[in-house]
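Asks: Heads up: the sequence shown at position 142 corresponds to 141 in numbering that gives the first Met the number 0, and the numbers run straight through without jumps.
Where is the CB? At the ideal position from N, CA and C, for every residue including glycine.
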Amino acid sequence: MGTKTFILHDESVNTLGFRMLTSGANLNEFRKNPVMLLMHNDYNMPIGRWENIRIEGTKILADPVFDEKDPTAIEVMGKVNRNFIRMASIGAWPPEEITDDLKFKLPGQTLPTVTKWTVREASIVTVGSNHNAIVFYDRQTGKHIELSDISTNLYADKNPKINAQSELSELTKMTWDELDRANKLNILKTKYFNLYENKFIEKFKCKPKKP
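1. For Asp62, which residues in the same chain have their Cβ closer than 8 Å to its Cβ, ignoring the five residues on either side in sequence?
2. Rounding to the nearest angstrom, what Cα-Cα distance links Gly56 and Thr21 in this structure?
3. When we look at the beta-carbon of Tyr195 and count the other beta-carbons within 10 Å, is it buried (16 or more) or exposed?
4. Can you tell me where the beta strand (DSSP E) with Arg53 in it begins and where it stops?
5. Threshold first: 4 residues or longer. Then list the alpha helix (DSSP H) segments lying entirely within the region 53-90, N to C.
6. Whose C-beta lies closer than 8 Å to the C-beta of Glu28 among residues of the same chain, with five residues either side of it excluded?
7. For Lys198, does the count of other Cβ atoms within 10 angstroms reach 16, so buried, or fall short, so exposed?
8. Could you please give me the residues that DSSP links to Trp116 through a beta bridge?
9. Do you know offhand how far Asn82's Cα is from Thr125's?
10. What did DSSP end up calling Leu101 once you bin it into helix, strand or coil?
11. Closer than 8 Å by C-beta to Leu170: which residues in its own chain qualify, once you throw out the five before and the five after it? Chain order, please.
12. Note the first and the last residue of the continuous beta strand (DSSP E) segment covering Phe5.
13. Have a look at Val113, Arg85 and Asn80 and flag the residue whose alpha-carbon is nearest the alpha-carbon of Pro94.
14. Could you please give the first and the last residue of the uninterrupted alpha helix (DSSP H) stretch that includes Leu187?
15. How long is the line joining the alpha carbons of Glu74 and Lys172, rounded to whole angstroms?
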């Protein structure tokens, strides 16, 4: 049977009234570790990986490669091949940049357009929680964030969480030396230890002591 391709994302308006531009998707993290989860369950081992990850027009596409030595993966692969499962879903970090510019609004869109965001993983799912079948993860805890919470947080003046995400986005872009010069290492260590740990390992090739 030929290779199947899944649509992981498109730019349509989701059920909560916002949409995410494919042009703003950062796929680097995902391409380095293209795990295929089942139902966004990252407590269990992956059931495969994604290959041929690409953007075509406004869609993010990928081809599934199932782990044929994993009984669960074999079961899911069979349901995919027999067309009982046809949906995949992206797992992303919270939006990094948004806009209310009317030129990006589509009919039925009631919330801002997300113009910058980062893909974390992609899962095989039975039914997506919305038309785009997307789930968000908290960068600090790694836990799922409800889409309703994301839609609430899209306006910075209504909820301070989006300001925290802007701060995190800024810190993520900085190198260890830049953070040191800006006296922001302590903020990183205190508020975003996972990111601090990653940058520490990148700089010193060993893990830091946990606070």
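Replies: From the atom records:
1. Thr2, Lys3, Thr4, Phe5, Trp49, Glu50 and Asn51
2. 9 Å
3. buried
4. Gly47 to Glu55
5. 70-80
6. Thr117, Val118 and Arg119
7. buried
8. Ala24
9. 11 Å
10. helix
11. Leu178, Lys183, Ile186, Leu187, Tyr191 and Leu194
12. Phe5 to His8
13. Val113
14. Leu184 to Lys190
15. 40 Å
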